[in-house]
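Chemist: Chains as they are written, first to last, in this note's numbering: chain A, 964 to 1357; chain B, 1208 to 1680.
Provided herewith is a single structure, encoded as structure tokens, for subsequent inquiry.
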Amino acid sequence: MKEYTVKISDKGTIAVDDTILVKGAQCAAGSRILEGFKPLFSAEAVTRLEDKGYVVAGKTQVGEFGLDLVGEFSYYGEKAEDLKGAAAQLVSKGDVKAALGVDMNGATRRAAALSCVDFLKPTYGTVSRYGVVSCAASGEQVGVYASNVEGIKEIMSVIAGHDDKDGTSLRKAAYDYDTSLPVAGKKVCIIKELLEKADEETRKRVEDFAEKLRSNGVVVDEISCDIFDIANTTWQILMTAETCNNVSRYDGVKFGYRAQEYKNIDELYVKTRTEGFNFLTKAVILYGSDTLSKNRYDDCYGKALKVRRVVAEKYAELMKEYDSVLTPVCSKTAYASYDISDAFEIVFKESVFTAVANLIGVPALVSGGVQLMGKHFDESVLLSLAGSTERVGE
Amino acid sequence: MNYEMVIGLETHVELNTKSKIFCSCGGHSSANEPNDCVCPACSGMPGMLPVMNKKVVELAVTAGLMLNCEISRYTTFDKKNYYYPDLPCAYQITQLNHPICTNGVVTLKTSAGKRDIRIKQIHMEEDAGKLVHVGKATCVDFNRTSVPLIEIVTQPDFRSAEEVLTYLNKLKSMFRSGGISECEEGAMRCDVNISVRPEGSTEFGVRTEIKNMASFEAIEKAIRFEVQRHIDAIEFETEELVQETRRYDDATGKTFAMRNKETEADYRYFPDANLMPIIIDDEWLEQIKAAVPEEVDAKVDTYKEAGISEKEVDMLIANHNASKLLDEVVSLGCGAKNVAGWILTDAVSILRKNGKLLGDLDISAEDLAAIIKLVDDGEINRVSGRKILAAVIEEGVDPIAYCKDNKLDEKVDTTVIEEIMDKVLIENAQALEDYRNGKVKAKQALFGACMRALKNTADTDIIKELLERKIDN
């Protein structure tokens, strides 16, 4: 974890993940390839917070381009035995009021679950991606870590809303979030197939959460639904391809890291990128360029785009019946350290809980170590459901 | 044996917009220093997102309409991946799957008669930067990066170099008149696809592509060289023809094969998730359509039929704004020939007095029509009309209000004036006679006498008009 200085602010201090630009502060996205890159401007979400009087306490470490489980593979980080996300830990300890993170392949949600803080990945297009070190443009969103749903609501109300500088930003100018809608009578489903992928402790968390919901009058059913594995595979195809393309600009020509010795431009590219990216990023680049290659496009990327629509339809059907889906976020309640050569496969397996929200852009809220997903723009329902459990026993 | 050449063109045209295609950088063509005209977005810094410049879409649609294309109501952008130092993101944003225009046709007048060239598609894309070699070092200049281009792809319908040049010249004059591109040196670049086959054959020969030529002269020479190379290869088996990309060298007048590495790349095209699909609805399309100028040839005919002189037609064709104004005023019910006179004689002389040119003319069609109608309806005389026109051009006044305020439409009671003038004419009978006998100068003497007699009681223009009526009849 990097050092940070806490400044005093009436509104509160915010930590910002290193995949989000803060003017003048090195932004390396956990990668050697961006070593020394200092942006000329801040991300829109950061600017909006600063305009309202919030102070950026510092940048928090992320795994290279946010591709790992919870931030374990940063070029700048120290090896820890017990893996936890930096921003989530700061929020958990109360050192900052909230933190911003980019939810791209679930790392931020997993980190929140492990540290038992709240994290909201809002509906796609809600928060401007201007100033996000982009990897998977079609599914990444800036989200908020906070210690409870009130904190999420406060920060989201500031950062959400249309931004001309992002072509994918929805036209809606501002959003009203509610954490105390009536929840009695709401229907939530638990997905059998996802529960089975989690260990006992995690399953217990989901069941305890369901119990709290029931005590507030929420109907919770356990059902079977087969879209999550397909959604994950589909998202990994799109995510690796988009990431491969978006990190191709890091070539040593313009900024960031450049190899010391090279004879010609090809060698400059190869050496810089070989030395600048970690093993996981390279794996993602290889998978991504493969799925985009001429021979494979129709069977991989092209098909994934079609499956994305099918998953969206099936999810919408599910949402006709239920207000929210309750799932684990990780298969375990803690991760042990592991070798980076296994990272691609491990992250792929763990993303089965998180990928669908990135794939089809629906909101996902992590609270109490579990995840609630909803319909597009139904953040208030999720916040109210989680809020009702946070208030149980108060 | 006689051979026939089969040629298809891909023409890149730089669009005439204030800013780049996906960011607000402007003025790259007048940038003095390398990288004067760049921002974090067009230099590929992380965190920046492309935002579509609407004007680019409108100009591309205009080009499509002028080339009789189908306009896509749903159009998307794709990324084309390749590494080159002048391409900051290592991908170019272009259109592969849903180009903005498809299936057009343009008719050429050539020495062999009318020829139709089918347009396969027009797509929008961004330009790359350029490399500058300084001694041993190579530097990158991103001023051109993200400058908007359209690429016009034809079917292999050309059968001679003459047709190719006629087509390119036609694109040039069309795009200028449509405000699409200035088509200056370097702003129009061509890739030429060439194959050769025995006359009468319907099969295509081996095709080669000559990349990136900026001058028409080079294109013509390259075609002649390449066609001859193909014919020699077929006829005399000088070499084996292979499908490849070639480069034309101006110094030697020859084409050379480019390295395979540069030509066999897999560009891994895929949709750009940062740019939402663009929907062109009826309303937007109609707006664009309304601003599309008539095809130049048709326009020349229309003007000539309306009795506008050849010199005036030339002026109108060269000046898009003037011809647009004329068309609009005509549509408001004025005669074309008459309007041409008002614009090209009256307005031009007023502009000249102010040190301006026809291109600077800034008057609404409604205002000009109002002035012309006042004169045509006999409400005011032409001199007064001209006065109003000057006031509108110079001060931007409302013509009707100006006419009223200055009492230009009040019928002057001329009986008193005429009585005095009649007296003057009697007193100057000799001068009158001289004038009627052809001594033109005598008119000035009569005019001066009238002016003195009437002192300042009457308007100079009116005196002149009345005098002419009296002495010329």
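We put the CB at the ideal spot given by N, CA and C, even for glycine.
What in chain A is Cβ-close to residue 1258 (chain B), meaning under 9 angstroms?
Modeler: In the second sequence, the residue the question calls residue 1258 (chain B) occupies position 51. What residue 1258 (chain B) touches in chain A: 1127, 1128, 1129, 1130.
Chemist: Between the alpha carbons of residue 1342 (chain A) and residue 1326 (chain A), how many angstroms are there, rounded?
Modeler: Residue numbering aside, residue 1342 (chain A) sits at position 379 when the first sequence is read from its first letter. Residue numbering aside, residue 1326 (chain A) sits at position 363 when the first sequence is read from its first letter. Taking the straight line joining both Cα atoms gives about 6 angstroms.
Chemist: Examine the Cβ distances between the segment 1375-1392 of chain B and the segment 1403-1416 of chain B and report whether three or more of them are shorter than 8 angstroms.
Modeler: No: fewer than three Cβ pairs fall under 8 angstroms.
Chemist: Under a Cβ-count criterion, where at least 16 other Cβ atoms within 10 Å of its own Cβ denotes burial, should residue 1346 (chain B) be classed as buried or exposed?
Modeler: Indexing the second sequence from 1 puts residue 1346 (chain B) at position 139. Residue 1346 (chain B) is exposed by the Cβ-count criterion.
Chemist: Around the Cβ of residue 1637 (chain B), are there at least 16 other Cβ atoms within 10 angstroms (buried) or fewer (exposed)?
Modeler: On the second sequence, position 430 is the one that residue 1637 (chain B) refers to. Exposed, because fewer than 16 other Cβ atoms sit within 10 Å of the Cβ of residue 1637 (chain B).
Chemist: Against residue 1298 (chain B), what residues of chain A qualify as contacts under a CB-to-CB distance less than 7 angstroms, listed in chain order?
Modeler: Reading the second sequence from its first residue, position 91 is the one you call residue 1298 (chain B). 1208, 1211, listed in chain order.
Chemist: Which residue comes first and which comes last in the beta strand (DSSP E) that contains residue 1290 (chain A)?
Modeler: Position 327 of the first sequence, counted from the first residue, corresponds to residue 1290 (chain A). Here the beta strand (DSSP E) through residue 1290 (chain A) covers 1287-1291.
Chemist: Tell me which residue opens and which closes the beta strand (DSSP E) that residue 1538 (chain B) is part of.
Modeler: By one-based count along the second sequence, residue 1538 (chain B) stands at place 331. Not the beta strand (DSSP E): residue 1538 (chain B) falls in the alpha helix (DSSP H), residues 1527-1538.
Chemist: Helix, strand or coil, according to DSSP, for residue 1146 (chain A) in the structure here?
Modeler: Walking along the first sequence from the start, residue 1146 (chain A) turns up at place 183. Looking at residue 1146 (chain A) - three-state DSSP - the assignment turns out to be coil, as it is neither helix nor strand.
Chemist: If contact is defined by three or more beta carbon pairs under 8 angstroms, each pair taking one atom from either stretch, is the segment 1218-1233 of chain B in contact with the segment 1355-1366 of chain B?
Modeler: They touch, by the three-pair rule.
Chemist: What is the DSSP secondary structure of residue 1606 (chain B), counted as helix, strand or coil?
Modeler: Taking the first residue of the second sequence as position 1, residue 1606 (chain B) is located at position 399. Of the three classes helix, strand and coil, the one that applies to residue 1606 (chain B) here is helix, per DSSP.
Chemist: Can you tell me which residues form a DSSP beta bridge with residue 1191 (chain B)?
Modeler: Shown here, chain B extends from 1208 to 1680; a query on residue 1191 (chain B) therefore has no answer.
Chemist: Whole angstroms is fine: what's the gap from residue 1460 (chain B)'s alpha carbon to residue 1437 (chain B)'s?
Modeler: Counted from its first residue, the second sequence places residue 1460 (chain B) at position 253. Counted from its first residue, the second sequence places residue 1437 (chain B) at position 230. About 15 angstroms.
Chemist: Residues of chain A with a CB under 7 angstroms from the CB of residue 1281 (chain B): which are they?
Modeler: Along the second sequence, one-based indexing puts residue 1281 (chain B) at 74. Result: empty, since nearest Cβ-Cβ is about 15 angstroms, beyond 7 angstroms.
Chemist: Excluding sequence positions up to five away, which residues of its chain have a Cβ less than 8 angstroms from the Cβ of residue 1292 (chain A)?
Modeler: In the first sequence, counting from the first residue as 1, residue 1292 (chain A) sits at position 329. So the list reads 1069, 1072, 1073, 1075, 1076, 1316, 1317, 1329, 1332, 1333, 1334, once near-sequence residues are dropped.
Chemist: When you check each C-beta in the segment 1584-1603 of chain B against every C-beta of chain A, which residues fall closer than 7 angstroms?
Modeler: So nothing in the stretch comes that close.
Chemist: Among the residues of its own chain, which have a CB less than 6 angstroms from the CB of residue 1378 (chain A), if the five just before and after it don't count?
Modeler: Outside the displayed span of chain A (964 to 1357) sits residue 1378 (chain A), for which this structure offers no information.
Chemist: Return the bridge partner residues of residue 1420 (chain B) from the DSSP annotation.
Modeler: Looking up residue 1420 (chain B) in the second sequence gives position 213. The partner list for residue 1420 (chain B) (beta bridge, DSSP) reads B:1397.
Chemist: I want to know whether the segment 1532-1548 of chain B touches the segment 1574-1589 of chain B - three or more CB-CB distances under 8 angstroms.
Modeler: Contact holds: three or more Cβ-Cβ distances are below 8 angstroms.
Chemist: If the criterion is Cβ atoms closer than 8 angstroms, does the pair residue 1401 (chain B) and residue 1214 (chain B) meet it?
Modeler: Locating residue 1401 (chain B) in the second sequence gives position 194, counting from the first residue. Locating residue 1214 (chain B) in the second sequence gives position 7, counting from the first residue. Yes, the Cβ-Cβ distance between residue 1401 (chain B) and residue 1214 (chain B) is below 8 angstroms.
Chemist: By a C-beta neighbour count over all protein chains shown, 10 Å radius and 16 as the cutoff for buried, is residue 1350 (chain B) buried or exposed?
Modeler: Position 143 of the second sequence holds residue 1350 (chain B). Buried: at least 16 other Cβ atoms inside 10 Å.
Chemist: Within its chain, find whatever has a CB closer than 6 angstroms to the CB of residue 1336 (chain A); leave out the 5 residues flanking it on each side and keep chain order.
Modeler: One-based indexing of the first sequence puts residue 1336 (chain A) at position 373. Taken in chain order, the residues that qualify are 1288, 1320, 1325, 1327.
Chemist: Identify the residues that DSSP records as bridge partners of residue 1123 (chain A): which are they?
Modeler: Looking up residue 1123 (chain A) in the first sequence gives position 160. A:1090.
Chemist: Would you please verify whether the beta carbon of residue 1374 (chain B) is less than 8 angstroms from any beta carbon of chain A?
Modeler: Taking the second sequence and counting its residues from 1, the one referred to as residue 1374 (chain B) is at position 167. It does not: the Cβ of residue 1374 (chain B) has no partner Cβ on chain A nearer than 8 angstroms.
Chemist: Measuring only between beta-carbons, confirm whether residue 1475 (chain B) sits less than 8 angstroms from chain A.
Modeler: In the second sequence, counting from the first residue as 1, residue 1475 (chain B) sits at position 268. Output row for residue 1475 (chain B): interface = yes.
Chemist: Based on the DSSP secondary-structure assignment, which residues constitute the bridge partners of residue 1285 (chain B)?
Modeler: For the purposes of this step, residue 1285 (chain B) is identified with residue 78 of the second sequence, where counting begins at 1. According to DSSP, which records beta bridges pairwise, residue 1285 (chain B) is partnered with B:1301, B:1478.
Chemist: Taking C-beta pairs closer than 8 angstroms, name the residues in chain B that residue 1320 (chain A) reaches, listed in chain order.
Modeler: For this step, residue 1320 (chain A) is matched to residue 357 along the first sequence. Simply none; closest approach about 16 angstroms.
Chemist: When we look at the beta-carbon of residue 965 (chain A) and count the other beta-carbons within 10 Å, is it buried (16 or more) or exposed?
Modeler: Numbered from 1 along the first sequence, position 2 holds the residue referred to as residue 965 (chain A). Low per-residue confidence applies at residue 965 (chain A): pLDDT is 46, beneath 50, and the placement is therefore not dependable, though the value from the model is reported in the following sentence. Flag for residue 965 (chain A) reads exposed.
Chemist: Which residues in chain A sit within 8 angstroms of residue 1251 (chain B), going by Cβ to Cβ distance?
Modeler: Position 44 of the second sequence, counted from the first residue, corresponds to residue 1251 (chain B). In chain order: 1212, 1217.
Chemist: Please report how far the alpha carbon of residue 1523 (chain B) lies from the alpha carbon of residue 1591 (chain B), in whole angstroms.
Modeler: For the purposes of this step, residue 1523 (chain B) is taken as residue 316 along the second sequence, with counting starting at 1. For the purposes of this step, residue 1591 (chain B) is taken as residue 384 along the second sequence, with counting starting at 1. Those two C-alpha atoms are separated by around 25 angstroms.
Chemist: Any idea what DSSP makes of residue 1240 (chain B), helix, strand or coil?
Modeler: Stepping through the second sequence from its first residue, residue 1240 (chain B) is reached at position 33. Residue state, collapsed to three classes: coil.
Chemist: Just to confirm the assignment, what range does the beta strand (DSSP E) spanning residue 1346 (chain B) have?
Modeler: Locating residue 1346 (chain B) in the second sequence gives position 139, where the first residue counts as 1. Taken as a continuous stretch (DSSP letters only), the beta strand (DSSP E) holding residue 1346 (chain B) covers 1344-1348.
Chemist: To the nearest angstrom, how far is it from the Cα of residue 1017 (chain A) to the Cα of residue 1089 (chain A)?
Modeler: If you number the first sequence from 1, residue 1017 (chain A) lands on position 54. If you number the first sequence from 1, residue 1089 (chain A) lands on position 126. Answer to the nearest angstrom: the Cα atoms are 20 angstroms apart.
Chemist: Counting only beta-carbon separations shorter than 8 angstroms, does residue 1013 (chain A) have a partner in chain B?
Modeler: Numbered from its first residue, the first sequence carries residue 1013 (chain A) at position 50. Output row for residue 1013 (chain A): interface = no.
Chemist: I believe residue 1275 (chain A) touches residue 1323 (chain A) by the beta-carbon criterion, under 8 angstroms. Please report the beta-carbon distance rounded to the nearest angstrom.
Modeler: Against the first sequence, residue 1275 (chain A) aligns to sequence position 312. Against the first sequence, residue 1323 (chain A) aligns to sequence position 360. That belief holds up - the Cβ atoms of residue 1275 (chain A) and residue 1323 (chain A) are roughly 4 angstroms apart, short of 8 angstroms.
Chemist: What span of residues does the beta strand (DSSP E) with residue 1330 (chain A) cover, start to end?
Modeler: Locating residue 1330 (chain A) in the first sequence gives position 367, where the first residue counts as 1. 1327-1330 is the extent of the beta strand (DSSP E) around residue 1330 (chain A).
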